[in-house]
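Student:
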Amino acid sequence: MCILHNVMCMTFLGLHSNAERDKYRYFACLMRARFDEHKNEKDMVKATRLLREAEEEFWHNQHPQPYIFPDSPGGTSYERYECYKVPEWCLDDWHPSEKAMYPDYFAKREQWKKLRRESWEREVKQLQAETPVGGPITEALPPARKEGDLPPLWWHIVTRPRERPA
838 MCILHNVMCM TFLGLHSNAE RDKYRYFACL MRARFDEHKN EKDMVKATRL LREAEEEFWH
898 NQHPQPYIFP DSPGGTSYER YECYKVPEWC LDDWHPSEKA MYPDYFAKRE QWKKLRRESW
958 EREVKQLQAE TPVGGPITEA LPPARKEGDL PPLWWHIVTR PRERPA
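Per the numbering used here, residue 838 is the first one in the sequence shown, and the count goes up by one each step.
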């Protein structure tokens, strides 16, 4: 609910320019009162219904060109500059004291690396078997062979997603 409230405030801000700051504050206060009215709702069915109705209302009233911060996903300069994109292997060179600041991430990363070493040969064989004789027609990678299995070259997607999730 907090995320929805913040997104709705940003939408109101986009609808009302700085010249209409008083209108923005008025509508933001009305919206906050509507959220506060149901903030202690105990019935999950009713809370889910209220959330769905609020999301639908937001969808119908959203700005046709919402404001997106330039460095945010979908922004004009999101991941624009290659010089700031550090390759994933650089994390191998971190000092143990630096890695200790992010223990959960590096524990998960070690599991990914182990899984990558185990699945690499199988992934390459699958790619070679499913690639047409004249070479690939598109850049699309084949899906995983069976449910619960990994698609070929999953490592790049897991470690550093580059695009906004759909």
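Ideal Cβ placement from N, Cα and C applies to all residues, glycine included.
Is DSSP giving Gln899 helix, strand or coil here?
Tutor: coil
Student: Under 9 Å, do Pro989 and Glu960 count as touching if we go by C-beta distance?
Tutor: Yes, the pair counts as a contact, with Cβ atoms nearer than the cut-off.
Student: If the criterion is Cβ atoms closer than 9 Å, does the pair Leu867 and His875 meet it?
Tutor: no
Student: Helix, strand or coil: how does DSSP classify Asp908 here?
Tutor: coil
Student: Could you compute how far the alpha carbon of Ala870 sits from the alpha carbon of Tyr863?
Tutor: 11 Å
Student: Tell me the residue span of the alpha helix (DSSP H) that contains Lys951.
Tutor: Where Lys951 is concerned, the enclosing alpha helix (DSSP H) stretches over Pro940 to Glu967.
Student: I need the DSSP call for Val923, collapsed to helix, strand or coil.
Tutor: coil
Student: From Glu976 to Gly912, what distance separates their C-alpha atoms?
Tutor: 25 Å
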